[in-house]
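Reviewing the structure listed below.
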Amino acid sequence: MTIQNAPATRSTFTNLLWTIARFREAGISLFILILMVAVTLRAPSFLTVDNFEDILLNISILVIVALAQTMVIITHGIDLSVSSMIGLVAMMVAFVVKQNPETPGLLAVLMGMAVGSVLGIFNGLIITYGNVPPIIATLGTLTIYRGMVFYYSQGTWINSFELPANFKLLSKGTPLGLPNMVIIAILVASLVYYFLNHTRTGRDIFAVGSNPEAAQYAGIRSQRIIFLVYLISGVLSGLAAVLWVSRFESAQTNTALGFELQTVAASVVGGVSISGGMGTIPGVLLGALLLGIIQNSLTLIRISPFWQLAAQGLLILVAVISDRWILSRVERTKL
Amino acid sequence: MSMLPVNGSKSVSLINEYAPRRSFLSNFLRWEWMLVGLLILDVLINTRISPFFLDARNLSRTSSDFMEIGLMMLPMVFIIITGNIDLSVASNMGMSASFMGLLHNMGVNIWVAALAGLLLGTLGGFLNGYLVARIKLPSLVVTLGTYAFYRGIAYGFLGDQAARGYPEAFTYLGQGKVFGTLIPFSAALFIVMAVIFGLVLHRTTFGRYLYSIGNNENATSYSGVPVEKIKFIIYTLSGFMAALAGLILAARFGSTRPDIGTGLELAVITAVVLGGVDINGGKGTMVGAILSLLLIGLMRFGMGLLNIQGQVQGIVIGLLLIMSILLPNVIRNLSRLRENFTWRSILPAAVFLLIFILFFIFFFWSRASVLAGS
Chain A
19 MTIQNAPATR STFTNLLWTI ARFREAGISL FILILMVAVT LRAPSFLTVD NFEDILLNIS
79 ILVIVALAQT MVIITHGIDL SVSSMIGLVA MMVAFVVKQN PETPGLLAVL MGMAVGSVLG
139 IFNGLIITYG NVPPIIATLG TLTIYRGMVF YYSQGTWINS FELPANFKLL SKGTPLGLPN
199 MVIIAILVAS LVYYFLNHTR TGRDIFAVGS NPEAAQYAGI RSQRIIFLVY LISGVLSGLA
259 AVLWVSRFES AQTNTALGFE LQTVAASVVG GVSISGGMGT IPGVLLGALL LGIIQNSLTL
319 IRISPFWQLA AQGLLILVAV ISDRWILSRV ERTKL
Chain B
275 MSMLPVNGSK SVSLINEYAP RRSFLSNFLR WEWMLVGLLI LDVLINTRIS PFFLDARNLS
335 RTSSDFMEIG LMMLPMVFII ITGNIDLSVA SNMGMSASFM GLLHNMGVNI WVAALAGLLL
395 GTLGGFLNGY LVARIKLPSL VVTLGTYAFY RGIAYGFLGD QAARGYPEAF TYLGQGKVFG
455 TLIPFSAALF IVMAVIFGLV LHRTTFGRYL YSIGNNENAT SYSGVPVEKI KFIIYTLSGF
515 MAALAGLILA ARFGSTRPDI GTGLELAVIT AVVLGGVDIN GGKGTMVGAI LSLLLIGLMR
575 FGMGLLNIQG QVQGIVIGLL LIMSILLPNV IRNLSRLREN FTWRSILPAA VFLLIFILFF
635 IFFFWSRASV LAGS
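Taken in sequence, the protein lines are chains A and B. The end of the first sequence is residue 353 by our numbering, with every number in the run present. The end of the second sequence is residue 648 by our numbering, with every number in the run present.
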């Protein structure tokens, strides 16, 4: 009897989880829709193809790094060092490209990812082998990597005229209709989606995050999984760094300063639980889109640029609070 | 921030640590004594390297550089001991200092403006407390949101303007010394505050509740402790202290810009964690945090005398932060490795070492070619 009952209860339970998961994304979609309608009423130029291409271009880098951050957060970790990794890789790649203007774009990308992977490996080793809590480890490497940027460049920076033209086109060129950067972001998103949902290692990431002990008993080597997500975070930050240099045509000592909080915000607004084990890729994409739309529309409806950061912060708070409110309502009705 | 250390291993270690085992040696193995040792080491090295280190005037000036961080650190110790975090302190500091600057620019009396700044900062802490304690959102998420929100308000208040021209009576808060001695006013304020906060943490029921919440919030709540109210209080307190630190920083600079104090939250958290306060809550002392603040301050001062840039100093501070937790763990891992040693276990270490060596070769090679050219 009990054996027969077990699958049935499990399936209703997963059904319940599914409805909540769908509902969560529905919540943020609704929020985006309301925002879009409100902005269009004030500024009709919002609903144009050009403007949406602009938004997509602006959030591409955020999407790439936020996806990595999401995987880290799903394992109940956090990677605060992404911004400094981007800063360091950006500076190193810019130095090399300046010295060797003939560097093919693909090689620059691979170089950035390789350098980023080393930084990610360092994070991963400290956290897994050294048993340092992720927030401390990456807080430390946040200042270490940023310090290395200063040491590396001795305070100098790379300007637009020092970079070759084909490198600058790497992110903005449109051989396939959309800017390369947007295509790369879509590619990364689909790869991460497939990896998280349809591979064994990807499922292990969720297992490690939602119940580390159970994962251990199930034979998952959680230390390896945790090491892997920080490695991926380094690689994707490296990729983002190359795109960053190419798009903004410069590498400075303060490149991407404070960016780590935007990536965490995109994940969290997209419904990724900060206590691990929960989160979806479409949710994160919507979260990044929401941040992008907010930034874009504040300019369109002519809110003073000085108040934009405040409005962004407020909207993040509203999104998180309403998400919690919806979740508690769902739980109450289900009970 | 999980705050439920319910698995077996942790509770066992808790018993070990809180059992009355005050043998002579174990007292010396405490983290606070390690910090004292590091402090002495740092002073010795610095006096050897630079003759300007043990100069009362220099030390007095450098100590006032760290008092803002110190003032924000005191309530942060409370918050981290309960297993929570407040990332918004530096933004809150910017918001309240900018509000004061805005009112000052509008011609309001400076003391009224300062009071308004304090009120706004306290209100900011109150909002954090409301969202964490009442709505029960994770503190990391809440304060991440208010981190952007409060800094944004600071920019909204002042825009690209700066507030300056504060009267001398006000700049005394940041630049003055106490009664002709060399002790800066802000340092004296910090010492008084530190004593109060230390006594509250270690000598009152309120302080014990903080540890209790950090060790097991649910159990604490079930045993009748007003957890919600306590969280409210510590976050509001954190907002007040951030505003106070903001006023002192503004007084020290003699001007306020909206980006005042950007990034200080990380310095504050570094000081707390290096001081031996467990980021997961439930463990730590005020003395440790104050010692680590002193250590960071003196190390930065010493490196400054050697003309090392402030940002590059971050490498050392960051390494120190990581090492403080890493080293004991690695030593334990190594001794376990020695018990069942095989040559294969060397392999991954060798591979990683090779990767890092290659990285640094690339690092210095690519750097040298450009810096030589320019």
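Ideal Cβ positions, reconstructed from N, Cα and C, are used throughout, including at glycine. Remember, it's a predicted structure, so these values are computed and weren't measured experimentally.
Within the 9 Å Cβ cut-off, does LYS410 of chain B reach chain A?
yes
Anything in chain A within Cβ reach of ILE343 of chain B, meaning under 7 Å, just list it in chain order.
Here the premise fails: no neighbours, minimum Cβ distance about 14 Å.
Taking only three categories from DSSP, how would you classify SER529 of chain B?
strand
With burial defined as no fewer than 16 other Cβ atoms inside 10 Å of the residue's Cβ, what is the status of TRP262 of chain A: buried or exposed?
buried
Tell me which residues of the stretch 346-365 of chain B have at least one Cβ-Cβ distance to chain A shorter than 9 Å, keeping chain order.
ILE359, LEU361 and SER365
Could you check if MET19 of chain A is buried or exposed, using at least 16 other CB atoms within 10 Å of its CB as the buried criterion?
Caution is warranted here: a pLDDT of 37 is assigned to MET19 of chain A, below 50, making its placement in the model unreliable, and no coordinate value can be reported.
Write down the C-beta distance between ALA541 of chain B and ILE343 of chain B rounded to the nearest angstrom, noting that I regard them as a contact closer than 8 Å.
5 Å
If you measure from the beta carbon of ALA422 of chain B to each beta carbon in chain A, is any gap under 9 Å?
yes
Report the option in B:LEU632, B:GLY549 and B:MET597 whose CA atom is closest to the CA atom of MET347 of chain B.
B:GLY549
What residue range does the alpha helix (DSSP H) around TRP307 of chain B cover?
305-323
Establish whether the CB of ILE599 of chain B and some CB of chain A are separated by less than 9 Å.
yes
Check each residue of the stretch 555-584 of chain B: if its Cβ is closer than 8 Å to any Cβ of chain A, include it; give the result in chain order.
GLN583
Decide if THR281 of chain A is buried, meaning its Cβ has at least 16 other Cβ atoms within 10 Å, or exposed.
buried
Whose Cβ in chain A lies nearer than 8 Å to the Cβ of ILE605 of chain B?
Residues of chain A passing the Cβ test: none, with the nearest at roughly 11 Å.
What does PHE147 of chain A reach in chain B if we use C-beta pairs closer than 7 Å?
This sequence places Tyr at residue 147 of chain A; Phe is not what is there. Per Cβ cutoff of 7 Å: ASN607.
Contact check, GLY558 of chain B vs GLY368 of chain B under 8 Å by CB: the rounded distance?
That pair is no contact at about 27 Å.
Roughly how far, in whole angstroms, is the beta-carbon of SER102 of chain A from the beta-carbon of LEU160 of chain A, given that I think they are within contact range, below 8 Å?
5 Å
Close Cβ partners of ALA269 of chain A (< 7 Å) along its chain, the five nearest in sequence each way excluded
ALA108, MET109, ALA112, TRP175, ILE176 and VAL263
Could you pull the DSSP bridge partners for SER451 of chain B from this structure?
Residue identity differs from the one stated: residue 451 of chain B is Lys in this sequence, not Ser. According to DSSP, LYS451 of chain B bridges with B:PRO458.
Taking SER643 of chain B as the query, report the chain A residues whose CB atoms sit under 7 Å from its CB, ordered along the chain.
GLN117
Helix, strand or coil, according to DSSP, for LEU393 of chain B in the structure here?
helix
I need the straight-line Cα distance from ALA330 of chain B to ALA516 of chain B, nearest angstrom please.
28 Å
CA nearest to the CA of LEU328 of chain B, picked from B:ILE314, B:PHE340 and B:MET341:
B:ILE314
Kindly confirm or deny that the stretch 88-104 of chain A and the stretch 617-636 of chain B touch, where touching means at least three C-beta pairs closer than 8 Å.
no
Under 9 Å from the C-beta of MET110 of chain A: neighbouring residues of chain B:
PHE636, PHE637, SER640 and ARG641
Bridge-paired residues (DSSP) for LEU194 of chain A
A:LEU196
Name the residue from B:LEU432, B:LEU318 and B:ASP339 whose alpha carbon lies nearest to the alpha carbon of ASN571 of chain B.
Note on identity: in this sequence residue 571 of chain B is Gly, with Asn being the wrong assignment. If we check each option's Cα against that of GLY571 of chain B, B:ASP339 comes out closest.
I'd like to know whether the C-beta atoms of ALA733 of chain B and LEU327 of chain A end up nearer to each other than 9 Å.
Within the shown structure, residues of chain B are numbered from 275 to 648, placing residue 733 of chain B beyond reach of any answer.
Taking a contact to mean a Cβ-Cβ separation below 9 Å, would you say VAL150 of chain A touches ILE596 of chain B in this structure?
yes
If distances are taken between C-alpha atoms only, which option among A:ALA258, A:ASN272 and A:TRP343 comes closest to LEU80 of chain A?
A:ALA258
So the alpha helix (DSSP H) VAL136 of chain A belongs to, where does it begin and stop?
123-146
Checking contacts by CB at 9 Å: is ALA259 of chain A closer than that to chain B?
no
Going by DSSP, what residues sit across from ARG438 of chain B in a beta bridge?
B:SER529
In three-state DSSP terms, what is ILE620 of chain B?
helix
Threshold first: 4 residues or longer. Then list the alpha helix (DSSP H) segments lying entirely within the stretch 521-599 of chain B, N to C.
538-548 and 560-579
Run through the DSSP bridge pairs and tell me what ILE176 of chain A is partnered with.
A:ALA269
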